[in-house]
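Everything in the sequence shown is counted per UniProt numbering, starting at 1 for the first residue and increasing by one.
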Amino acid sequence: MEFLSFILYLLLTIILLQVLRSLLTRTRSNLPPGPGPLPIVGNLLKLGDKPHKSLAELAKTHGPIMSLKLGQITTVVISSSALAKEVLQKQDLAFSTRFIPNALHAEEQYKYSVVWLPVSDRWRSLRKIMNSNIFSGSRLDANQNLRQQKVKELIAYAGKCCQDGVAVDIGSAAFTTSLNLLSNTVFSVDLAGLSQESAREFRDLVTKITMEAGKPNLVDYFPVLAKIDPHGIKGRMTDHFRKMLQLFGGLIDERVKLRKLQKTNAENDVIDILLTLAITLLQALHSIRRRNEPRSKLPPGPAPLPVIGNLLNLGDKPHKSMAELAKTHGPIMSLKLGPMTAVVISSPALAKEVLQKQDLAFSFRTIPNAVQACDQHKYSAIWLPVSDRWRSLRKIMASNMFSGSRLDANQNLRREKVKELISYAEKCCQDGVAVDIGRAAFTTSLNMLSNTVFSVDLADLSLDSLKEFRDLICNITAEAGKPNAVDYFPVLAKIDPQGILRYKETYDGSS
Numbered sequence: 001m002e003f004l005s006f007i008l009y010l011l012l013t014i015i016l017l018q019v020l021r022s023l024l025t026r027t028r029s030n031l032p033p034g035p036g037p038l039p040i041v042g043n044l045l046k047l048g049d050k051p052h053k054s055l056a057e058l059a060k061t062h063g064p065i066m067s068l069k070l071g072q073i074t075t076v077v078i079s080s081s082a083l084a085k086e087v088l089q090k091q092d093l094a095f096s097t098r099f100i101p102n103a104l105h106a107e108e109q110y111k112y113s114v115v116w117l118p119v120s121d122r123w124r125s126l127r128k129i130m131n132s133n134i135f136s137g138s139r140l141d142a143n144q145n146l147r148q149q150k151v152k153e154l155i156a157y158a159g160k161c162c163q164d165g166v167a168v169d170i171g172s173a174a175f176t177t178s179l180n181l182l183s184n185t186v187f188s189v190d191l192a193g194l195s196q197e198s199a200r201e202f203r204d205l206v207t208k209i210t211m212e213a214g215k216p217n218l219v220d221y222f223p224v225l226a227k228i229d230p231h232g233i234k235g236r237m238t239d240h241f242r243k244m245l246q247l248f249g250g251l252i253d254e255r256v257k258l259r260k261l262q263k264t265n266a267e268n269d270v271i272d273i274l275l276t277l278a279i280t281l282l283q284a285l286h287s288i289r290r291r292n293e294p295r296s297k298l299p300p301g302p303a304p305l306p307v308i309g310n311l312l313n314l315g316d317k318p319h320k321s322m323a324e325l326a327k328t329h330g331p332i333m334s335l336k337l338g339p340m341t342a343v344v345i346s347s348p349a350l351a352k353e354v355l356q357k358q359d360l361a362f363s364f365r366t367i368p369n370a371v372q373a374c375d376q377h378k379y380s381a382i383w384l385p386v387s388d389r390w391r392s393l394r395k396i397m398a399s400n401m402f403s404g405s406r407l408d409a410n411q412n413l414r415r416e417k418v419k420e421l422i423s424y425a426e427k428c429c430q431d432g433v434a435v436d437i438g439r440a441a442f443t444t445s446l447n448m449l450s451n452t453v454f455s456v457d458l459a460d461l462s463l464d465s466l467k468e469f470r471d472l473i474c475n476i477t478a479e480a481g482k483p484n485a486v487d488y489f490p491v492l493a494k495i496d497p498q499g500i501l502r503y504k505e506t507y508d509g510s511s
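What follows is the structure in structure tokens.
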């Protein structure tokens, strides 16, 4: 009983507020004539269960152009062909900012649809893209064979139904044909088959979206109820739109992968054109942003070429090329290695200044892409910037590996390993075998380090033990030392054109 009383009081309050509002704002606007509205509901009750017939009857009384109050929304109704032509052709710009149903606010779809957007830069851009890539004469001519093929499939489907004595589902057939025409234009793929249940989810989604968008919704007449969503239409539409976007996202991701692998022949469909356009725009925006950046105070250096910068100045012997460039540009110079700016120092005095006095300022070095495999750079004292983690690692190393007491404790170990190295060299001489200096030095260094950390030898000078471990170290060193295009063009990081990061991750995972 108390709840009913509360509802009645609430309704009376709303009615009184509505009446008060209408009295305070009685200044009449230039609206066409129409039936007198009731408080709150306006003229909603006059629509009946067949709105088109009700509107035709009202037009006989109020004329071919009339105004109706549908809840809180004022609507102008036109029922004359001459007036419709005036509105839709001559005054289309003035009437283009149409009312957007609440259902289409789900996932803010109305902001990206040429159907609902007002005339603006975004609307013009979308319209231009559609005109040039979907509805242009050349595009329609290019798709003529596709349309003929889909019509043949439709006729074949109808013929098969006749042979089987099955009724032709006109709705399903027309939907499937239209869908496949559109999907082939955009994605170069059939999203449904006439004789199979493929893309059932997509068909169901489109059907549900159409049904939800067409349902009468109280929020469209009483926007104050938008937060409540009494019918739950917007919530369901949000779910449907998300599923559809996931489906389209999968198709786009698949196309991006095919483009990377260069395994797609669909060079003229809409998605391929849009992907190419997006990449071009991103590159242009990046160039504009870099061009507008204020020039930093860099040392002198050779003039860079577009895109590649000074990469060609390095030659096949970079150390000699650097020395030659230093003769022209001085002991400190700047080079543009792709998009990366590098400062090169070739003077002992300047090197001492940078590495000793200004070491903190220069500690944030560029991390090669290969070192980023398995996020190794986040846990290495070599690559970490000066931070709490770096200080902790440095403290551990300083106290447990490089402290005076630790080095003194390992003195006998170092002597023993040097003796083993000398014994190995003598044995090779007695046997008349060449000493493999690289292998011997690697094994000695490895055993010294492994004894310091694990108190065990990881390799034996006289045996080919731990070959896999040595090969891993060699492979990691070789991959880390290779010139990598990603280090000069970070935009290629996702592609990893030389596969260095993938190989490095494999080796790091194995070790």
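Just so it is clear, CB atoms sit at the ideal spot from N, CA and C, and this is done for glycine as well.
Q: Please confirm if the stretch 118-136 is in contact with the stretch 172-179, defined as three or more CB-CB distances below 8 Å between the two stretches.
A: no
Q: Pick helix, strand or coil for Lys317, following the three-state DSSP scheme.
A: For the purposes of this step, residue 317 is identified with residue 317 of the sequence shown, where counting begins at 1. Residue state, collapsed to three classes: coil.
Q: Rank Pro306, Lys69, Val486 and Phe402 by C-alpha distance to the C-alpha of Val453 and give the top, closest one.
A: Here residue 453 refers to the residue found at position 453 when the sequence shown is read from its first residue. Comparing Cα positions, the closest option is Phe402.
**Q.** Residues bridged to Ser67 (per DSSP)
**A.** Position 67 of the sequence shown, counting from 1, holds the residue named residue 67. BP columns for Ser67 point to Val76.
Q) When you compare only the Cα positions, how much space is there between Ala425 and Phe442? A) In the sequence shown, the residue the question calls residue 425 occupies position 425. In the sequence shown, the residue the question calls residue 442 occupies position 442. Rounded to whole angstroms, Ala425 to Phe442 spans 14 Å at the Cα level.
Q. Expressed to the nearest angstrom, what Euclidean distance is found between the alpha-carbon atoms of Asn369 and Pro483?
A. Working through the sequence shown from its first residue, we reach residue 369 at position 369. Working through the sequence shown from its first residue, we reach residue 483 at position 483. In a straight line, the C-alpha of Asn369 is about 10 Å away from that of Pro483.
Q: Could you tell me whether the stretch 330-346 touches the stretch 296-310, where touching means 3 or more Cβ pairs closer than 8 Å?
A: yes
Q) So, helix, strand or coil for Leu182, using DSSP? A) To locate residue 182, count along the sequence shown from 1; it is residue 182. The answer is helix: DSSP assigns Leu182 an H, G or I state.
Q: Select from Asn102, Leu312, Asp121 and Ala323 the residue whose C-alpha is nearest the C-alpha of Val219.
A: As a position in the sequence shown, residue 219 is number 219, starting the count at 1. Nearest C-alpha to Val219: Asn102.
Q) CB-CB under 7 Å to residue 521, same chain, minus the five flanking residues each way: which ones, in chain order? A) A question about residue 521 goes unanswered here, because the residues of the chain that appear run from 1 up to 511.
**Q.** Complete alpha helix (DSSP H) runs within the stretch 378-434 (minimum length 4 residues, chain order)
**A.** 388-400, 404-409 and 411-430
(Q) Just to confirm before moving on: does the CB-CB distance between Lys69 and Asn43 stay below 8 Å? (A) Residue 69 sits at position 69 when you count from the first residue of the sequence shown. Residue 43 sits at position 43 when you count from the first residue of the sequence shown. A contact, by the Cβ cut-off of 8 Å.
Q: Could you tell me if Leu194 is buried or exposed, where buried requires 16 or more neighbouring beta carbons within 10 angstroms of its beta carbon?
A: The residue you call residue 194 lines up with position 194 of the sequence shown. Per-residue confidence for Leu194 stands at a pLDDT of 47, beneath the threshold of 50, marking its modelled position as unreliable; the derived number appears in the next sentence. Leu194 is buried by the Cβ-count criterion.
Q) Can you pull the DSSP bridge partners for Leu305? A) Along the sequence shown, one-based indexing puts residue 305 at 305. Paired residues: Gly309.
Q) To the nearest angstrom, how far is it from the Cα of Val354 to the Cα of Leu360? A) In the sequence shown, the residue the question calls residue 354 occupies position 354. In the sequence shown, the residue the question calls residue 360 occupies position 360. In a straight line, the C-alpha of Val354 is about 9 Å away from that of Leu360.
(Q) Here's the rule: buried if 16 or more other CB atoms are within 10 angstroms of the residue's CB, otherwise exposed. What is Thr210? (A) Taking the first residue of the sequence shown as position 1, residue 210 is located at position 210. Exposed, because fewer than 16 other Cβ atoms sit within 10 Å of the Cβ of Thr210.
Q. Would the beta-carbon of Met76 fall within 8 Å of that of Pro32?
A. For the purposes of this step, residue 76 is taken as residue 76 along the sequence shown, with counting starting at 1. For the purposes of this step, residue 32 is taken as residue 32 along the sequence shown, with counting starting at 1. The question names Met, but residue 76 is Val in the sequence shown. For Val76 and Pro32, yes; Cβs fall inside 8 Å.
Q.
When you compare the CB positions of Gly34 and His62, do they come within less than 8 Å of one another, or not?
A. Position 34 of the sequence shown, counting from 1, holds the residue named residue 34. Position 62 of the sequence shown, counting from 1, holds the residue named residue 62. Going by C-beta atoms, Gly34 is nearer than 8 Å to His62.
**Q.** First and last residue of the uninterrupted beta strand (DSSP E) at Ala342
**A.** As a position in the sequence shown, residue 342 is number 342, starting the count at 1. Met340 to Ile345 is the extent of the beta strand (DSSP E) around Ala342.
Q.
For Pro497 and Asn447, what's the separation of their Cα atoms in angstroms?
A. Reading the sequence shown from its first residue, position 497 is the one you call residue 497. Reading the sequence shown from its first residue, position 447 is the one you call residue 447. Their Cα atoms are separated by approximately 36 Å.
Q. Going by alpha carbons, who is nearest to Ile100 out of Lys111, Leu93, Pro385 and Lys90?
A. As a position in the sequence shown, residue 100 is number 100, starting the count at 1. Taking only the C-alpha atoms, the option nearest Ile100 is Lys111.
Q.
Taking the straight line between their C-alpha atoms, what separation do you get for Ser5 and Leu12?
A. As a position in the sequence shown, residue 5 is number 5, starting the count at 1. As a position in the sequence shown, residue 12 is number 12, starting the count at 1. Going by the C-alpha atoms only, they are around 11 Å apart.
Q: Compute the Euclidean distance between the alpha carbons of Ala94 and Gly36, then round it to the nearest angstrom.
A: Within the sequence shown, numbered from 1, the residue matching residue 94 stands at position 94. Within the sequence shown, numbered from 1, the residue matching residue 36 stands at position 36. Cα-Cα distance, rounded: 26 Å.
Q: List the residues that DSSP assigns as beta-bridge partners of Ile332.
A: Translated into the one-based positions of the sequence shown, residue 332 becomes position 332. Ile345.
Q) Buried or exposed: where does Lys46 fall if 16 or more other Cβ atoms within 10 Å of its Cβ makes it buried? A) Your numbering for residue 46 matches position 46 in the sequence shown. Label assigned to Lys46: buried.
Q. What residue range is occupied by the uninterrupted alpha helix (DSSP H) comprising Asp169?
A. Here the question's residue 169 lines up with position 169 in the sequence shown. No alpha helix (DSSP H) contains Asp169, which DSSP labels as neither H nor E.
Q. Taking contact to mean at least 3 C-beta pairs separated by less than 8 Å, is the stretch 224-241 in contact with the stretch 106-124?
A. yes
Q: Give a yes or no on whether the C-beta atoms belonging to His329 and Pro348 are separated by under 8 Å.
A: Looking up residue 329 in the sequence shown gives position 329. Looking up residue 348 in the sequence shown gives position 348. Taking 8 Å as the Cβ cut-off, His329 and Pro348 do not qualify as a contacting pair.
(Q) Taking 8 Å as the threshold (C-beta atoms), are Ser136 and Pro118 in contact? (A) Residue mapping note: residue 118 aligns to position 118 of the sequence shown, counting from 1. Residue mapping note: residue 136 aligns to position 136 of the sequence shown, counting from 1. No, they are not a contact pair.
Q. Distance, Cα to Cα, Ala59 vs Gln148?
A. Residue mapping note: residue 59 aligns to position 59 of the sequence shown, counting from 1. Residue mapping note: residue 148 aligns to position 148 of the sequence shown, counting from 1. Rounded to whole angstroms, Ala59 to Gln148 spans 45 Å at the Cα level.
Q) Ends of the alpha helix (DSSP H) at Ile233? A) As a first step, residue 233 is located in the sequence shown; it is residue number 233 there, counting from the start. Segment Ile233 to Leu261, the alpha helix (DSSP H) holding Ile233.
Q: Out of Ala381, Pro385, Ser405 and Leu407, state which residue places its alpha-carbon closest to the alpha-carbon of Lys395.
A: By 1-based counting over the sequence shown, the position of residue 395 is 395. The option with the nearest alpha carbon to Lys395 is Ala381.
Q. When you compare only the Cα positions, how much space is there between Ile273 and Leu126?
A. As a first step, residue 273 must be located in the sequence shown, where it is residue number 273. As a first step, residue 126 must be located in the sequence shown, where it is residue number 126. Whole-angstrom Cα-Cα distance: 14 Å.
(Q) Just to confirm my understanding: we take Trp116, look at its own chain, exclude 5 residues before and 5 after, and list those with CB closer than 6 Å. What are they? (A) Walking along the sequence shown from the start, residue 116 turns up at place 116. The answer, listed in chain order, is Ile100 and Tyr110.
Q) Is it buried or exposed for Ala351, if we count other Cβ within 10 angstroms and need 16 for buried? A) The residue you call residue 351 lines up with position 351 of the sequence shown. Flag for Ala351 reads exposed.
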